[in-house]
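Notes for the one structure printed next.
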Amino acid sequence: MDSFWIDPFSFIGSQLAAWLTGLGLAENWVSLILQLVGALALGTAVLILTFLLIWAERKIVARIQDRLGPNRVGPYGIFQTVADLLKLVTKELITPEGADLLPYNLAPLLAVMSVVGLWAVIPMAPTLLGADIHVGVLYIVSVGSIGTLGILLAGLSSNNKYALLGAFRTVALMISYAVPMALALLVPVLLAGSMSMQEIVLAQKGLPFLLLAPVAALIFFVSSIAEVGRAPFDLLEAESEIVAGFHIEYSGLKFGMFFVAEFLHAFTISALTAVLFMGGWRGPWAEQYTALGFLYFLVKTSLVYFVVIWIRGSFPRIRIDQMNALNWKLITPVALAGLVVTAVAEKVALELGAPRLLTHLAGNALLIFAAAAGLGAYARAARRRSELLAKASKAEAPAG
Amino acid sequence: MHIETLIWLIPLPPVLAFAMIVLFAHRSNRLSHFLAIGSMLISWGLAMVVFGNAVTTKDLGHHPFQVSIPWLPMGETAFRIGVMIDPLSAVTLFFVAWTCLAIFVYSIGYHNFGKPRDPGDRPGLPPHAGGIEPMYARFFAFISLFAFGMLTLVLSDNLLLLFIGWEIMGLCSYLLIGFWYGKPSARDAMVKAFMTTRVGDVFMLLGLAYLYSATGTLSYREILFNEHVLSALAATPSVIPVLSTAGMIGLLLFIGTVGKSAQWPLHVWLPDAMEGPTPVSAMIHAAAMVSAGVYLIVRFFPLITAGWHEGGALTPTMTVIAFIGAFTALFAATIALAQNDIKRVLAYSTISQLGYMVAAVGIGAFVAAAFHLITHAFFKALLFLGSGSVIHGVEHGARETGEHLDPNDMMNMGGLRKKMPITFWTFLIGGFALSGFPLITAGFWSKDEILADAFAHGHWAVFLTLALAALLTAFYTMRQIALTFLGEPRTEAAKHAHESVWTMTLPLVVLAVFAVGAGWAGIPEHFPVIGGLLPNWMHEFVSGSLLEHPEALEFNPVPLLVSVAVALGGLTLGWLAYRRVPAGGEDPLKRPLGPVHTVLKNKYYFDEFYAAVFVRPAYWLAETFTYRWLDRGVIDGFLHWVGRTALRVGSFLRNYVDLPIVNGAGDAVGEGVKRSGRIIRVIQTGRVQEYLIIGVVFAGVLISYLLLLRP
Amino acid sequence: MIPLSWFLIFAALLFCVGLYGALARRNAIAILMAIELMLNAVNINLVAFWRYLGPEAVSGQAFALVVFAVAASEAAVGLALMISIYRRRHTVAVEEIDMMKW
Amino acid sequence: MTILQIIFLLTAFLTLLAALRVVTSPSMVHAALWLILALAGVAVVFILLNATFLAVVQVAVYIDAIAIMIIIVVMLTRGAVRGQGHTVSKTWWAAALSALVMLTGLLVMLLQAPVRGALPPTLPLDQEAFLERLGQALVDVNQYILPFEVASVLLVAAMVGAIIVAWPLFVRRGEEER
C-alpha cells in the first residue's frame, strides 16, 4: 500500500475497496461496484474535460483567425461553454415530421458512447487505465467506428435530405479512412509485439514509435482526423453545401451530445496518437510518480490536440472526390507499404542486429521517396491529360 | 551419267510437252510446236546416244541395259516397272525415233503453219481454204502423247508397261483418227478403230493375266531368257487340249497383235483410219501403232516358238500365225489393186506388209521379221508422207482452179512428176522399196529374207502366197506411182499443183535415205556379188535378243530369183497397164477382172459383212432385247413390283403399327410428362425461400430419423 | 458457472430464429440479416465448444475466424446483388425475383 | 445463480428478443438496429466465453462493417421496401414449421449429447499467449494456413465480385441489351 503521492489512483481505489468490504459485501460484488464506479468516474471526467476543450479550441481558432474569441463569461471567457450548455439544456427538443424515433433518439447516445468507450483502454498513467484488455487496439478500431453508426442513424432517421447526404458522406468518409487507420494501428502493434495499449506504451521505453515509424504515425494522425470528421475532412457538415449535415434536425441536448462527441473525439485521437506513437505517459520518473506520468500524458495529448486545431484553422475543406482519391490512391497504399516496410525492417534489425532506429528510418525514407515519386508521376499524367483536353477543346472551338 | 538414266529420260520429254501444251501453251501455236518438236528432238538425241551405246556394246543380248523399280506391290511380289535396251528394242527405238521426229517436223507444214487462220474454218473440220489448222496446238499435244506411248512401249522391260504404252497409243489413235470430229466419217472411223482394237486388246489382256498366273512375272528377261520357264510353259498343257500353255499365251497375245496391226479378220479399221490427218496416218500405220503389234510378237518370239526346233514342225500357234499372216498379205494386196484413194492403197499395202512380218514370225524367221519391220517402217512412213504431200499439192491446185474434187482420188491426179519433183523422187524410192526393187532398196533385202526363210524351211504354202503377194504389191505400187505422177494431168487441179514447203519435203528426203540405206545393214554374206561387202550386221545384232542364235541361211538362188522376178514383173506390168490413163478413163483392170474388180473395190464386202453379222445384231441386242425386253420389261417390271409392294407394306405399317402403337406410345409419354409437369410445376415457384423450406423440412426429418428411430 | 448446454440451447434458439427469418421474410435484406444471425449462432457453438472442451486447441477460434471471413464476403456479395437487382427490377421482394421458375 | 449466470441470461434474453424483432419488424431500419443489438449480445456472449478477441472482432466486423453496409443498402432500396405491406411471405407458416422441426431436432440432439452438462475448465494460459498461438496457427503450414489463405482469396474475390455486380456501368449495358 503505497502512499497517496506516489500513486494517487491506486491509493483511492484501495481505500474504496477497503471501505466496501468493511460494509460486508462479497468479493466479486466489490470488484463489480469498483469497476462501475471507475467507469462512471472516467466517463464523467472526460465529459467535463470537454468544456475545457471547446473553450481552448475556440480561443485558438480565434487567435488563428486574428479574433479574440470568447472573453465575456468568466476569466478569458472560460465559462462560455457552460453558458452554452445551459442554453442547450433549456432549448426545446424538436422531433421532425416522419422521423424514425428509435434511431433518431439512439444516434446521439451512440455517438457519445463510442467516444467515451474509447477512454476505457487508454492508459493515462502506469496505474491509471480503465481496462487493460489484451486486444486494446482492436477495441479502439471497433468501438471508435460505432460513432459512425450513430452519425449514420442520425442522418437516416431524421427525415431530411441534407441529413441523408451528410450521413452518406460520413459513411463514405469513415469507412474509407478506417482502412488506413487500422493499417497504421498495426504498426505499433507490430513493433510492440502486443495489442494491449499498456504493453505498447511500455514498449516505447526511450524510443517512441514516432521515430521508428514516422510515416505510420502521420497516416494514423491524418486518417483519424478524417475519422473524426474535423477540418479539413469536415464535409459531413459542410455548411455551404449541406446546411449542417447529419445533425441538422437535432436541437437542444441531443445536438449538444453530437457537439460534445465531436470535440471529445478529436481530443481522443490526440490521446491515441500520443499513446501509440509518442510514448503516452512515458517520461522521466514516470514509473515512480504515476501522477507525473499522467502529466506527461496530458502534455503530449494537448500538443497533438493543438496541432489538430491548428490544421483546422489552416486548411480549406477538401471535396469529396479529393477525399476519396486521397484515401484510396495515396494513403491506403502507403499504409500497406509502410506496414510491410516496418515488418521487414524489424526483422532485419532483429536477425542481422542492425541498429533498429537507422533501419526503420531508412525504410521510412525509402517509403517516402517512393510515395513522392508515385505522386509526381501521377501529377504529371494528370497535367498531361488536362493539357490534352484543353488542346482538344481548343481544336474543336473553331470547328464548333 | 549412266546409260540407264538416259533410257529413263527418253520417254519423258514428249509427255511433259503434252502436259505443258494442254495446260499452258495451247493458246500459242508457235510455242506449242516448239515444245512438241523440241521435246521430240531431245528424245531423239537421247535415243541416238542410247542406240550408239547399244551398238558398240559387246554381247548386248545377254547383258542388256536394264533398270527397274518395284511399282505395284502384289502381295509378296511386286510389279516391277523398268526400262531395258536389248538389240531388238535398240533397233526399234532407232526407227521409232527417226520416223517420229520426221513426222513431227512434217506436221508443221502439213497444218499450214504460218498461214493466217481462215475465218470459215471451224474446229473439228479440216481447213478448206488452206488456212492454219484451228486445233493446231491440240494436234501437237496428241502426237506428243502418242510418241510418249510408243517410246514407253519400246523401252519397257516387262509386258505390263508395254501394255500401258499400248493402251495410251490406242487412246491417241482414237483421238487422232477423229481429230476432225466434224466429219461424220471421221467419227465413225474413230469409233470403229477403237472398238476393233479393243477386241484384240481384251484377248491380249487375257494373255497377260494368263502369263502372270502361269509364271508369276511379266519381265521379259525372266520369261524369254529363261530356258526352264520356256520349256515348262511349253510342256504344260493349257485349257485347250491341242495347245500348250506357251502356245495359248502366244495365241492370246497374237490376237492382240491382230487387232493392233490390223491383220485379217480385224483389219477393217485401218483403211477407215485414213480419215485422220496424213501425219497421223503415217504415225499410226508406219512408225508406231501397227509396228507395235508386230513388235509385240517379235518380242515374244521365244514364247511363241517355245517347243519348236529350227527346221522342225510348226506348233499349232505358229501355224495359225503363219496362216493368218500369209493370208492377210495376199488378201490385202488384192484389195489394194482396186482402190483409187491414194491413202487407202497405202493402208492396204501396210496391212499386207504387216502380214509378211507376221508370217515371218509364224515360220520362225525372227531376224527377217525384225528386219522387215524396220525397213517397212521407214519406207511406209516415207510413202504416207509423200502421199500427204501429193494431196496437199492437189488441194492447193484445187483451191487455185476452184473445182471441187476428192484430192485423195488418184484418178484426179497424174503428171505430177514435173510439178512436185522432190515428192516424186522420194515417193518413187519409197514405192520401189515397197515393191522390193532388187539390190538397192531396203524392201528387197528384208522381203527376200522372209521368202528365203520360208523357202529354206520348206513352207511352200507360205512361200507361194507371199511370192504372189509380192507380185501384186509391185503391181499396185507401180499403178499408184503411174496414176499419180506419170502420164498427163487428168484434172486442172493436178495441173496447178506444186511442190510443198520444205518442212514437208525435208522429212521425205531423210526418210528416203533410210528407205534405201536401211536394207544394206542386212545383206546375207553368201550373196553372190555384193555379199560380204558389208557384214550381215542386222542378223548378228538382232539375233542377240534370242537365247540361241539362229544360224544364217545358206544362199539359195531360187527365192532370190523369185523375188527379183515378182518385183520386176509386177513393176513392169503395172507400168504397162497404167502408163497412160486418159482423163475420165476407167481403170484398165475393170474389164479383164469384171465382177471380181467390184468385189475387190468393195473390199470383199467385209464392212457390210461385219455390219450384218456383228454391228446390227449388236444394235438389235442393245435396242430391242436389252433395252425393250430386259430393261423395260423384266428389270423395271420387277423393280416396279418391288416398289409397289414396299409402298403397300409401308402404308400398312404406318396405318396399323406406326400411328396407333408407336406414335400413340410416344404421345402418351409426352402427354404424361406434360400432365405430371402441370401438376408438379406448382412446387417450382422459382422462389428460393420455398425451395429452402422444403430442403430444411427434409433435413429435419432426416435428422430426427437418425436420432430417434435409428437404434 | 454456466453449463455448456445453456450456450448450446441459446445458439440453437438463435439459429432457429434466424432460420425462420431466412425462410419467411419477403425482403431480401431481411433474409441476409437472418442469415447473419444463423452464422452468429454457429460461431457461438464453435466458441462454446472451444471453451468447454478444448481451451488448449486453437481450432475453435480459428474456425470462428473463418466464419467471420465467410460472413463478411457473403454480406458484401449479397448486398451488391441486391443493389443491382433493385436497379434492374426496382424491388427486393424475393417472391418477385422468380425468374428461375418454369 | 452467480453474477455471470445472471449476465448470461440477461444477454441471451436480450439477444433473442432482438433476433425476433429482426425477423419480424416491418421496418428494415429497425430490423437493422435490432440486428446490431443482437450482434452486440453475441459479442457479450463471446466475452463471457473468455474469447475477448473474437468479441472485439465481432464488433469490428459485424457492427462496423456488415451492419453499416446493411443499413446503407436499406437506405438505397428504401423505395422498394415502402408500400409493400406484408413483411412475411405467404409461406411463413411453413417457415415457422420447419424452424420448429429444426429446433426440436437440435434440442433432441442436445439432450443426447454427452457433454451437455460440462463446466468450463480453468483457462490454462493467459489470453495474450493464446492469441499469439492462434496467430501462429493461422499461418502455420501444418495447421490452418490453407483455410486462412482460402479465406483471404475468398474475401478478395467477394470484393471484386461486389464491385463488378454493383457497378452501374454494367447495369446500363445490361439495360441496353434488353
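Residue numbers (the numbering used here), protein chains in the order written: chain A, 1 to 400; chain B, 1001 to 1711; chain C, 2001 to 2102; chain D, 3001 to 3178. Every residue gets a Cβ at the ideal spot worked out from N, C-alpha and C, and that includes glycine.
Buried versus exposed call for residue i [16 or more other C-beta atoms within 10 Å across all chains shown]
{"i": "B:Met1410", "result": "buried"}
{"i": "C:Tyr2020", "result": "buried"}
{"i": "D:Gly3083", "result": "In this prediction, D:Gly3083 has a pLDDT of 49, which is less than 50 and means its spatial position is unreliable; what the coordinates show is noted afterwards. Burial call: exposed."}
{"i": "D:Thr3015", "result": "buried"}
{"i": "A:Ala18", "result": "exposed"}
{"i": "C:Val2094", "result": "buried"}
{"i": "D:Ser3025", "result": "buried"}
{"i": "A:Gln65", "result": "exposed"}
{"i": "B:Ile1108", "result": "buried"}
{"i": "B:Thr1305", "result": "buried"}
{"i": "C:Asn2108", "result": "Because chain C here runs from 2001 to 2102, residue 2108 of chain C falls outside it and cannot be looked at."}
{"i": "B:Ala1047", "result": "buried"}
{"i": "C:Gly2054", "result": "exposed"}
{"i": "A:Tyr378", "result": "exposed"}
Neighbourhood of residue i by C-beta, 8 Å cutoff - its chain only, sequence neighbours within 5 removed
{"i": "A:Val348", "result": "Ala354, Thr359"}
{"i": "A:Val201", "result": "Pro123, Val275, Gly279, Gly280, Trp281, Arg282"}
{"i": "B:Trp1044", "result": "Ala1097, Trp1098, Cys1100, Leu1101"}
{"i": "A:Leu164", "result": "Gly155, Leu156"}
For residue i, three-class secondary structure by DSSP
{"i": "D:Gly3083", "result": "Caution is warranted here: a pLDDT of 49 is assigned to D:Gly3083, below 50, making its placement in the model unreliable, and the coordinate value is therefore given only provisionally. Three-state result, D:Gly3083: coil."}
{"i": "B:Thr1477", "result": "helix"}
{"i": "B:Phe1331", "result": "helix"}
{"i": "B:Leu1639", "result": "helix"}
{"i": "C:Ala2093", "result": "strand"}
{"i": "A:Leu128", "result": "strand"}
{"i": "C:Pro2055", "result": "coil"}
{"i": "A:Ala62", "result": "helix"}
{"i": "D:Leu3014", "result": "helix"}
{"i": "B:Trp1502", "result": "helix"}
Those residues which DSSP pairs with residue i across a bridge
{"i": "B:Gln1066", "result": "B:Met1084"}
{"i": "B:Asp1409", "result": "B:Asp1341"}
{"i": "D:Pro3026", "result": "According to DSSP, which records beta bridges pairwise, D:Pro3026 is partnered with nothing at all."}
{"i": "C:Arg2025", "result": "D:Val3088"}
{"i": "B:Pro1073", "result": "B:Ala1078"}
{"i": "B:Asn1158", "result": "B:Ser1219"}
{"i": "A:Leu153", "result": "DSSP lists no partner for A:Leu153."}
{"i": "B:Pro1237", "result": "B:Ser1244"}
Cut-off 7 Å between Cβ atoms - residues of its own chain near residue i, not counting five sequence neighbours on either side
{"i": "A:Met1", "result": "Because A:Met1 sits at a pLDDT of 46, beneath the cut-off of 50, its placement in the model cannot be relied upon, and the following sentence gives the value as read from the coordinates. Cβ neighbours of A:Met1 beyond the five flanking positions: Ser14."}
{"i": "D:Ile3007", "result": "Leu3048"}
Own chain, CB closer than 6 Å to residue i, minus 5 neighbours either side, in chain order
{"i": "A:Ala184", "result": "Ala216, Ile219, Phe220, Ala335"}
{"i": "B:Pro1011", "result": "Phe1148, Leu1151, Thr1152"}
{"i": "A:Gly256", "result": "Leu88"}
{"i": "C:Phe2063", "result": "Leu2046"}
{"i": "A:Thr273", "result": "Phe221, Val304"}
Whole-number beta carbon distance between residue j and residue i, since they are thought to touch under 8 Å
{"i": "B:Leu1428", "j": "B:Ile1481", "result": "6 Å"}
{"i": "A:Phe51", "j": "A:Val73", "result": "So it is not a contact: roughly 11 Å between Cβ atoms."}
{"i": "C:Gly2060", "j": "C:Ile2035", "result": "With 8 Å as the limit, C:Gly2060 and C:Ile2035 do not qualify as a contact, their Cβ atoms being about 21 Å apart."}
Residue i: CB within 8 Å of a non-hydrogen atom of the ligand SAM
{"i": "B:Ala1368", "result": "Annotation note on the ligand SAM: not contained in the displayed structure, which lists no ligands."}
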